[in-house]
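Keeping their order, the protein sequence lines are chains A and B.
Convert by adding 155 to the 1-based position in the first sequence; the result is the number in the numbering used here.
Take the second sequence: its position 86, counting from 1, is numbered 73 in the numbering used here, and each next residue is one higher.
All C-beta atoms in this analysis are idealised placements derived from N, C-alpha and C, irrespective of residue type, glycine included.
Small disclaimer: the values here were computed from a predicted structure and weren't measured.
For reference, the structure is listed below as structure tokens.
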Amino acid sequence: MLNKLLKHEFKATARLLIPLYLILLAFTIMDRIVLNLNIFKGVLSIIPGLITFGYVISIIAVIMVTFILMIMRFYKNLMTDEGYLMFTLPVKSHQLINSKLLVSIMWTVASVLAVIASIFVVAAAPEDIREITQGLKYFWEELNKEFGGKVLLLIIEFIIIVILVLINSMLMIYVSIAVGQLFNGHKLIGAFAAYIGITTVLQIVMSIFIFIASPIFEETLTTFSSIPNLVFPITIFILIGLNVAFYWVTDYIFKKKLNLE
Amino acid sequence: MSAILECKSLTKKFSNFTALSNVNLTLERGRIIGLLGPNGSGKTTLIKLINGLLVPNSGSLLINGKLPGTETKKIVSYLPEKTYLPEWMRVSETIEFFEDFYADFDRKKAYEMMERLHLDSKKRLKTLSKGTKEKVQLILVMSRKADLYCLDEPIGGVDPAARDYILNTIISNYNENATVLISTHLISDIEKVLDDVVFLKEGFVTMQSSVDDIRSKDGKSVDTLFREVFRC
């Protein structure tokens, strides 16, 4: 059943994002062409400027729309009248969350990759590619120098953190929306309040944690090796804990405290 | 076979009031049952409990001997009083959606009914009127071969001509072992199709009886009886 949910989730979101990607593609190609032509003179010289402006707007639009659409989709599809359809399907509530989460992460990654690829197409000349690969090589050597045999571990940990942060940012919004719908008639305000509440609590807790932990780790934190050995593992541990908590609360509210109007 | 629905001392409270109080109710298979009561009597709450959209505070509710969950959702076909289909979808896409998720959905039947009511399946829902959307929803719900149909105010928004067709659809399109639970306050319109009635008043079941009994014992129509019982 998760497959079917994913299929329909993909369909419902692709219909808005694919056209946006096509617009980005069109501006990318146009911008690449006009920036390499030196034929615009006089009044016409405004054309490259306009196209570049449109290009920048389309980049911003891809990122913003991806983000807003993922949130709106979750809210509209599950918490408004459409929720009557979704929550009476013969699926588990956690499958609903999974389908939304997986598709959101997929689109976020796709949008970021699309923007990066597009910037390359517009701005990169062959010699830039060479420079970038050289830069990366230098970066890699420096990393090796500082971290010795721990580089691979460091990179794996870093990738795990990026994925967990992505999941975390989505689940934090989901749990806020789920908590918000408990407030009759003020569901959106409730969701915003819940989000602000959660971020505030997290910040306070983190500050206290750092305040307490820093004297303990003072010595170990002065070396680079403490990053793969201590800082990243602790970060991963905290992120997993938060994700499990957000996920569990969202699912619990959907199962026991659903409050569709 | 066990009863299709069994409620025992079912109670549902909201923060400021009790929507259902100690409801004991058994619905048999193969019946068309009217769930009747004035606004705010707990009809929708009961139907939401059956469909797992709400969880009771106390008491139990069993569908085909099971607690509401994935298994019961496979055999319950639910028409809420809301227009719950995504607006951007075409009618044909909603049919695909139902076909994907409900094993008991009969696509052929759905298209037949669409044609009969002159609905264009290529149209997007946002271009349809509220009444037409309700028709689409009812067709989807009745195109399932379910054991229990829960129809919450199914005829409220549609015109009388379509109303007759829809009622005929309801009585002619369900199998012998299926039960149809219809909540409404438009009693006179549906009285002729009902086998049983359940009266709900302020969260209590005040009466459960067959329509024949009401007619023979009280010598009244359900509509008349309803007006007497719920006189303001």
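What separation, rounded to the nearest whole angstrom, lies between the Cα atoms of residue i and residue j?
i                      : j                      : result
residue 390 of chain A : residue 316 of chain A : 7 Å
residue 122 of chain B : residue 168 of chain A : 26 Å
residue 58 of chain B  : residue 36 of chain B  : 15 Å
residue 274 of chain A : residue 164 of chain A : 29 Å
residue 293 of chain A : residue 271 of chain A : 21 Å
residue 349 of chain A : residue 401 of chain A : 12 Å
residue 185 of chain A : residue 195 of chain A : 14 Å
residue 365 of chain A : residue 358 of chain A : 10 Å
residue 298 of chain A : residue 253 of chain A : 36 Å
residue 80 of chain B  : residue 406 of chain A : 28 Å
residue 195 of chain B : residue 351 of chain A : 50 Å
residue 46 of chain B  : residue 2 of chain B   : 18 Å
residue 279 of chain A : residue 191 of chain A : 12 Å
residue 96 of chain B  : residue 169 of chain B : 21 Å
residue 268 of chain A : residue 336 of chain A : 34 Å
residue 229 of chain A : residue 244 of chain A : 16 Å
residue 38 of chain B  : residue 238 of chain A : 12 Å
residue 394 of chain A : residue 413 of chain A : 27 Å
residue 146 of chain B : residue 176 of chain A : 44 Å
residue 82 of chain B  : residue 131 of chain B : 11 Å
residue 60 of chain B  : residue 310 of chain A : 46 Å
residue 69 of chain B  : residue 261 of chain A : 31 Å
residue 167 of chain B : residue 247 of chain A : 25 Å
residue -4 of chain B  : residue 11 of chain B  : 5 Å
residue 103 of chain B : residue 93 of chain B  : 16 Å
residue 212 of chain B : residue 24 of chain B  : 12 Å
Answer yes or no: does any C-beta atom of chain B fall closer than 8 Å to that of residue i?
i                      : result
residue 242 of chain A : yes
residue 385 of chain A : no
residue 246 of chain A : yes
residue 172 of chain A : no
residue 415 of chain A : yes
residue 167 of chain A : yes
residue 196 of chain A : no
residue 411 of chain A : yes
residue 239 of chain A : yes
If you measure from the beta carbon of residue i to each beta carbon in chain A, is any gap under 8 Å?
i                      : result
residue 72 of chain B  : yes
residue 84 of chain B  : yes
residue 120 of chain B : no
residue 69 of chain B  : yes
residue -2 of chain B  : no
residue 145 of chain B : no
residue 168 of chain B : no
residue 32 of chain B  : no
residue 5 of chain B   : no
residue 114 of chain B : no
residue 57 of chain B  : yes
Mind reading off the beta-carbon distance from residue i to residue j? Whole number of angstroms is fine, and I expect it under 8 Å.
i                      : j                      : result
residue 66 of chain B  : residue 125 of chain B : 6 Å
residue 33 of chain B  : residue 22 of chain B  : 7 Å
residue 40 of chain B  : residue 242 of chain A : 6 Å
residue 77 of chain B  : residue 109 of chain B : 6 Å
residue 182 of chain B : residue 197 of chain B : 6 Å
residue 240 of chain A : residue 251 of chain A : No, residue 240 of chain A and residue 251 of chain A are not in contact; Cβ-Cβ is about 11 Å, not under 8 Å.
residue 176 of chain B : residue 142 of chain B : 6 Å
residue 305 of chain A : residue 381 of chain A : That pair is no contact at about 10 Å.
Quick one: which chain A residues come within Cβ less than 8 Å of residue i?
i                     : result
residue 87 of chain B : 159, 162 and 163
residue 22 of chain B : Under the 8 Å cutoff, chain A gives no residues; its nearest Cβ is about 17 Å from residue 22 of chain B.
residue 41 of chain B : 413
Any heavy atom of the ligand HEM within a distance shorter than 7 Å of the CB on residue i?
i                      : result
residue 126 of chain B : Absence of the ligand HEM is noted for the structure shown, with no ligands found whatsoever.
Give me the chain B residues within the contact set of residue i, using Cβ-Cβ distance strictly less than 7 Å, ordered along the chain.
i                      : result
residue 292 of chain A : What residue 292 of chain A touches in chain B: nothing, since even the nearest Cβ is about 48 Å away.
residue 236 of chain A : 69, 70 and 71
Could you list which residues in chain A have their beta carbon closer than 9 Å to that of residue i, in chain order?
i                      : result
residue 123 of chain B : Chain A residues near residue 123 of chain B: none, gap ~12 Å exceeds 9 Å.
residue 12 of chain B  : In chain order: nothing, as chain A lies at least about 20 Å away.
Mind listing the chain A neighbours of residue i? Cutoff is C-beta to C-beta under 7 Å, in chain order.
i                     : result
residue 65 of chain B : 243
residue 38 of chain B : 243
residue 61 of chain B : 245
Could you name each continuous beta strand (DSSP E) segment of 3 residues or more that falls completely within the stretch 346 to 393 of chain A, going from the start of the chain to the end? Runs found: none.
In chain order, which alpha helix (DSSP H) runs of at least 4 residues are fully inside the stretch 78 to 131 of chain B? Assignment of alpha helix (DSSP H) within the stretch 78 to 131 of chain B, counting only whole runs of 4 or more residues, yields 78 to 88, 94 to 103 and 117 to 129 in chain order.
Please specify which runs of the alpha helix (DSSP H), each continuous and at least 4 residues long, are wholly inside the stretch 264 to 344 of chain A, giving them in chain order. Correct list: 281 to 302 and 306 to 335.
Ignoring anything shorter than 4 residues or poking outside the stretch 46 to 75 of chain B, list the alpha helix (DSSP H) runs there in chain order. Segments of the alpha helix (DSSP H) lying fully in the stretch 46 to 75 of chain B: 57 to 60.
Going residue by residue through the stretch 157 to 219 of chain B, where are the continuous alpha helix (DSSP H) segments of at least 4 residues, counting only ones entirely within it? Listed in chain order, the complete alpha helix (DSSP H) runs (minimum 4 residues) inside the stretch 157 to 219 of chain B are 174 to 177 and 209 to 216.
Ignoring anything shorter than 4 residues or poking outside the stretch 193 to 259 of chain A, list the alpha helix (DSSP H) runs there in chain order. For the stretch 193 to 259 of chain A, whole alpha helix (DSSP H) runs of length 4 or above, ordered along the chain, are 201 to 234 and 237 to 241.
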